[in-house]
Amino acid sequence: MSQSQTKKRRNRKRCKMEPAVAFPQIKEEGTKPDVAMDMAIPSSSLTPQAEGGECSSCKDTVANPVTCSSCDKFFCSKCFEVWLSLTPRTMCPGCVAEMKKRDDCCGDHDQVLNLFCLTCGTRICSGCFLNTAGHKRHQIDDLDVVYREKLAETNGKLNEVGDVLLQFQSVVDTTEQNAGMICKTEDDMQTEMGQLMEKAKAEATGWKEGKLRLCQLRKEVPIKRKLLFEELQGRINGLAKHEFIARKDELELEAAALIPNAQALYPPPIDYHDYECSLIPQCRMVPIILDNFSRHFDDPKYDVIASMDISDSSETFWTIRVFKGTHLTVDFSQKQLLKHSLSFQLYVEIFHIDHRNTLCTMQETQSTNCHIDLIEMNQLKERGFLSKADEISLGIWIRPTSIIVERQALTLNFLDLKRQKFELDDKYNGVVSKLAESEQFSVGYFRIPLDKLQFPEDGTSDTLQIKSHAIKDFSGRSWCMYVERVKANRICAESYIGVYLMLCSPLKKKTSTLRRRFYLELVNKDRDYSIRKYSSDKFGSTARFGWSPFVRMSRVFADSSGFVHKGAIGFRFGVQNMKRK
């Protein structure tokens, strides 16, 4: 090695040892290099040929080469920039390949790490598997095979995630559609509420105009009647004596005709309950007459003197109680307690002969009970509320405070009734189920007049059949009894009575059957001589079971048989549900 080359190598080593005078390290921002590549420091005392070096990649001679601090190889700036564009590592390609080779080899056995221990989850070489005890009896597979399997599993999961993410786009579209629908619905609701308000205003205006028009007519009618009356008086006074006598009856009828119309137009008092508007709940006035009231002045004991149940427009039921004591008091309480507190308006009036003196009390409450003190007892007589018939007249009004509250109360009452219906249905089904398994018989009675059991005289029929009314067993199925009178044969006059039981209710399937225990009985005056037979069979939709013959007809017709009563014979039949074992 020449002296100039030895001097250059020393200069390069000095640059590594003295970072204060070395050129900045060439690396990508944010990347931590494995081994730094430094720029060689140019020296002005050297010639260009002496200062330069040969690029290990393109073999060109460069003046200011880039050197790898690991292997001391030279690279031109162009090759170095190309390498940086391909990898973030700031090492030369040879060092990167050497490092990758070292990473792929086992440090203990110097063999390629081409196996994967599934038990330990790590790469191993064949020497690790064969020569060490750490991986004996472990599950081992080829590294590439395991990689492909795991990659396939991961790709499958990624595909599932991708499908779900694609579905999220439909969520976005649906959400945007929902947002538009919400805005449109809000606009429609505002329009509808505006229309309702306009309709309510028109109703209130129409009601007001109609009432004012009627008031105006009632104001004008007395004035007109008075003018007509004065005109009639003037005409009477202007008549001659003989003319007045001749028209006396006619004039009196004309005067009397003014009175009924005037009385019919007498205006009733109008209060704040007399309105018509679809957005305001209507009040229902309930009158309460407290008769024989004077007796309560002498007894100061606090006691109930009247009670009744009423309902408002929301079908909420209230119990009204009137108490007397130092005050006349009214107590309101809901019969069925609503689960949510809703506001109601309560009105109480004590009527006076002069409606201008009528006492009115209004109270708003959200509780299920309300107590209102109306007036002191001693003032009822002083202020003239006690009528000549010794009665006090009260008027009770209850209504929800708004149409919204009315709707809420209606909904709650409906849900409460629905819940009660379900509870009653459960009880009913339970009772029916118990009855269906009961050992009792469902019993029916059947009386047949004897004339119905007579064969026709022309001998056209040898069989008579009569059907009873239907009865229901405890499972709700209908049954009826058949009674037949049949001749033994055409030669013999003897005949028999046959009895049968038949199912009248349809079954779900034509092939279905029901097993029932039953009895059929011919009733005798003496119960010990009644003829009864028991049996059990499977009944279908058309099958009937019983006995033929059941009894001889001659035995029934015998005078002392006891089967005939008031010209008829009686039967009794019963059906019993079979218990499930």
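The C-terminal residue of the sequence shown carries number 615 in this note's numbering, and the numbering is unbroken. A virtual CB, placed ideally from N, CA and C, is assigned to each residue, including glycine. Note that this is a predicted model, so its numbers are computed, not measured.
Within 10 angstroms of its Cβ, does ASP142 collect 16 or more other Cβ (buried), or is it exposed? Indexing the sequence shown from 1 puts residue 142 at position 108. By the Cβ-count criterion, ASP142 is exposed, with fewer than 16 other Cβ atoms from all chains shown falling within 10 Å of its own Cβ.
Are the region 569–589 and the region 458–468 touching, with three or more C-beta to C-beta distances below 8 Å? The answer is no - the region 458–468 does not touch the region 569–589, with fewer than three Cβ pairs under 8 Å.
Can you tell me whether MET515 is buried or exposed, with buried defined as 16 or more other CB within 10 angstroms of its CB? For the purposes of this step, residue 515 is taken as the residue at position 481 of the sequence shown. Buried, by the Cβ-count rule.
What are the residues that DSSP puts in a beta bridge with MET536? Residue numbering aside, residue 536 sits at position 502 when the sequence shown is read from its first letter. According to DSSP, MET536 bridges with CYS514, ARG578.
Name the two residues that bound the continuous beta strand (DSSP E) containing SER204. Along the sequence shown, one-based indexing puts residue 204 at 170. Note, SER204: premise wrong, no beta strand (DSSP E); alpha helix (DSSP H) at 177–272.
Length-filtered (3 minimum) beta strand (DSSP E) runs lying within the region 84–114: As for any beta strand (DSSP E) of minimum length 3 sitting wholly inside the region 84–114, the runs are 100–102, ordered along the chain.
Out of CYS129, ILE174, GLY161, which has the shortest C-alpha to C-alpha gap to CYS151? In the sequence shown, residue 151 corresponds to position 117, counting from 1. Selection CYS129, ILE174, GLY161 evaluated against CYS151 yields ILE174 as nearest (Cα-Cα).
Within 8 Å, do at least three Cβ pairs link the region 423–434 to the region 376–389? Taking 8 Å as the limit for Cβ pairs, the verdict is that the region 423–434 does touch the region 376–389.
Nearest-angstrom Cα distance between MET73 and LYS107? As a first step, residue 73 is located in the sequence shown; it is residue number 39 there, counting from the start. As a first step, residue 107 is located in the sequence shown; it is residue number 73 there, counting from the start. Bear in mind that a pLDDT of 37 at MET73, under 50, signals an unreliable position, so the number given afterwards is only what the model happens to contain. As the crow flies, the alpha-carbon of MET73 is around 11 Å from that of LYS107.
I believe ILE430 touches ILE322 by the beta-carbon criterion, under 8 Å. Please report the beta-carbon distance rounded to the nearest angstrom. Taking the first residue of the sequence shown as position 1, residue 430 is located at position 396. Taking the first residue of the sequence shown as position 1, residue 322 is located at position 288. About 6 Å separates the beta carbon of ILE430 from that of ILE322, a gap short enough to meet the 8 Å contact definition.
Measuring only the C-alpha atoms, how far is CYS579 from GLY464? Start at 1 with the first residue of the sequence shown, and residue 579 comes out as number 545. Start at 1 with the first residue of the sequence shown, and residue 464 comes out as number 430. One point to set straight first is that residue 579 is Phe, not Cys, in the sequence displayed. Inter-residue distance for PHE579 and GLY464 is about 31 Å (C-alpha atoms, whole angstroms).
When PHE605, THR494, ILE406 are compared against LEU484, the one with the closest alpha-carbon: Taking the first residue of the sequence shown as 1, we reach residue 484 at position 450. If we check each option's Cα against that of LEU484, PHE605 comes out closest.
Nonlocal neighbours in the same chain, by C-beta distance under 8 Å from VAL146, ignoring five residues either side: Indexing the sequence shown from 1 puts residue 146 at position 112. Here the set comprises ASP138, CYS139, CYS140, CYS159.
Does the distance from the CB of TYR530 to the CB of PRO583 come in under 7 Å? Within the sequence shown, numbered from 1, the residue matching residue 530 stands at position 496. Within the sequence shown, numbered from 1, the residue matching residue 583 stands at position 549. In this structure, TYR530 sits near PRO583, with a CB-CB distance shorter than 7 Å.
Is it the case that the region 126–135 contacts the region 97–112, given that we only count it when at least three CB pairs across the two stretches are under 8 Å? Judged by Cβ distances under 8 Å, the region 97–112 makes contact with the region 126–135, as three or more pairs qualify.
Can you check which of these residues, GLN610, LYS521, SER539, LEU537, is closest to TYR568 by C-alpha distance? The residue given as residue 568 occupies position 534 in the sequence shown. Comparing alpha-carbon positions, the option among GLN610, LYS521, SER539, LEU537 lying closest to TYR568 turns out to be GLN610.
Completely contained beta strand (DSSP E) runs for the region 391–473, where each covers 3 or more residues: As far as the region 391–473 is concerned, its whole beta strand (DSSP E) runs of at least 3 residues are 393–399, 403–410, 425–434.
Closest to ARG171 by CA distance: which of PHE163, GLU132, THR545 is it? If you number the sequence shown from 1, residue 171 lands on position 137. The shortest C-alpha separation from ARG171 is found at PHE163.
Do the region 330–342 and the region 357–370 meet, that is, are 3 or more Cβ pairs less than 8 Å apart? The region 330–342 and the region 357–370 touch, with no fewer than 3 CB-CB distances between them shorter than 8 Å.
Option in HIS330, VAL364, CYS317, ARG329 with minimal Cα separation from THR350: To locate residue 350, count along the sequence shown from 1; it is residue 316. The option with the nearest alpha carbon to THR350 is CYS317.
Could you name the residues that DSSP lists as bridge partners for GLU288? If you number the sequence shown from 1, residue 288 lands on position 254. DSSP output for GLU288 lists no bridge partner at all.
Would you please state the rounded distance, in angstroms, between the beta carbons of CYS538 and ALA592? I believe it to be under 8 Å. Counting from one through the sequence shown, the residue named residue 538 turns up at place 504. Counting from one through the sequence shown, the residue named residue 592 turns up at place 558. About 34 Å separates the beta carbon of CYS538 from that of ALA592, a gap too long to meet the 8 Å contact definition.
Buried versus exposed call for PHE649 [16 or more other C-beta atoms within 10 Å across all chains shown]: Outside the displayed range of the chain (35 to 615) lies residue 649, so it cannot be described from this structure.
In chain order, which continuous runs of the alpha helix (DSSP H) of length 4 or greater are located wholly inside the region 542–598? Within the region 542–598, the runs of alpha helix (DSSP H) that reach at least 4 residues and sit entirely inside it are, in chain order, 587–591.
Going by the beta-carbon positions, is the gap between LEU444 and SER570 smaller than 7 Å? Locating residue 444 in the sequence shown gives position 410, counting from the first residue. Locating residue 570 in the sequence shown gives position 536, counting from the first residue. No; because the gap between Cβ atoms is not below 7 Å, this pair is not in contact.
Could you tell me if ASP346 is buried or exposed, where buried requires 16 or more neighbouring beta carbons within 10 angstroms of its beta carbon? Translated into the one-based positions of the sequence shown, residue 346 becomes position 312. Buried: at least 16 other Cβ atoms inside 10 Å.
My output table needs one value for GLY601: the three-state DSSP class, helix, strand or coil. As a first step, residue 601 must be located in the sequence shown, where it is residue number 567. Residue state, collapsed to three classes: coil.
Determine, using beta carbons only, whether LEU393 and ILE387 come nearer to each other than 7 Å. The residue labelled residue 393 in the question sits at position 359 within the sequence shown. The residue labelled residue 387 in the question sits at position 353 within the sequence shown. Not a contact, by the Cβ cut-off of 7 Å.
Own chain residues within Cβ distance below 7 Å of PRO53, not counting five before or after: In the sequence shown, the residue the question calls residue 53 occupies position 19. Unreliable positioning characterises PRO53 in this predicted model, as indicated by a pLDDT of 33, which lies under 50. The coordinate reading is nonetheless provided below. So the list is empty, once near-sequence residues are dropped.
In the DSSP assignment, what residue or residues form a beta bridge with ARG318? Residue 318 sits at position 284 when you count from the first residue of the sequence shown. Under DSSP, no beta-bridge partner is assigned to ARG318.
Determine the direct distance from the alpha carbon of LEU248 to that of VAL255, and round the result to whole angstroms. Within the sequence shown, the letter at position 221 stands for residue 255. Within the sequence shown, the letter at position 214 stands for residue 248. Between VAL255 and LEU248, the C-alpha separation is close to 10 Å.
Is it buried or exposed for GLY601, if we count other Cβ within 10 angstroms and need 16 for buried? Here residue 601 corresponds to residue number 567 of the sequence shown, with the count starting at 1. By the 10 Å Cβ count, GLY601 comes out exposed.
So, with DSSP's three-state summary, where would you put PHE366? Against the sequence shown, residue 366 aligns to sequence position 332. PHE366 falls in the strand class under three-state DSSP.
Alpha carbon to alpha carbon, what distance is there between GLU132 and PHE114? Residue 114 sits at position 80 when you count from the first residue of the sequence shown. Residue 132 sits at position 98 when you count from the first residue of the sequence shown. Straight-line Cα distance between these residues: approximately 18 Å.
Within 10 angstroms of the Cβ of ILE426, are there 16 or more other Cβ atoms? Answer buried if so, exposed if not. Start at 1 with the first residue of the sequence shown, and residue 426 comes out as number 392. Buried is the call here.
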